[in-house]
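So in numbering that gives the first Met the number 0, spot 11 of the sequence shown is number 10, and the numbers just go up one at a time. Even glycine gets a Cβ: it sits at the ideal position worked out from N, Cα and C. Please read all numbers here as calculations on a predicted model, not as lab measurements. Report on one structure; see the data block that follows.
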Amino acid sequence: MPIYEYRCPNGHLFELFQRMDEPPPEVCEVCGEGPVERVLYPVAVHFKGSGFYSTDYGRGSRKSKDGAGPEGEPKKEKEEKKKPAEA
Numbered sequence: 000m001p002i003y004e005y006r007c008p009n010g011h012l013f014e015l016f017q018r019m020d021e022p023p024p025e026v027c028e029v030c031g032e033g034p035v036e037r038v039l040y041p042v043a044v045h046f047k048g049s050g051f052y053s054t055d056y057g058r059g060s061r062k063s064k065d066g067a068g069p070e071g072e073p074k075k076e077k078e079e080k081k082k083p084a085e086a
């Protein structure tokens, strides 16, 4: 049986050990206010094994194709040295 976490309108958090087919509680166990909402947390997924490669995962920062820097600004090209004009 899973443990579910609930939050009441006053911000209290409480956990209930209940079956999946049981209805959620209607009021907070701490203060008696209602309605309560179930708190959901994201789950980290890590793919391991020989069928997955390091290229399957996204990267934090990517280089753009147009030569832009990390802030999206174009890279400054080196100024070419001008030859002195012949007199």
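Inter-segment contact for the segment 30–41 and the segment 4–19 is present: three or more beta-carbon pairs are separated by less than 8 Å. The alpha-carbon of residue 10 is positioned some 23 Å away from that of residue 21. The straight-line gap separating the alpha-carbon atoms of residue 51 and residue 8 is approximately 44 Å. For residue 27, the number of other beta carbons within 10 angstroms of its own is at least 16, and it is reported as buried. In this model, residue 17 and residue 48 are separated by some 35 Å (Cα to Cα).
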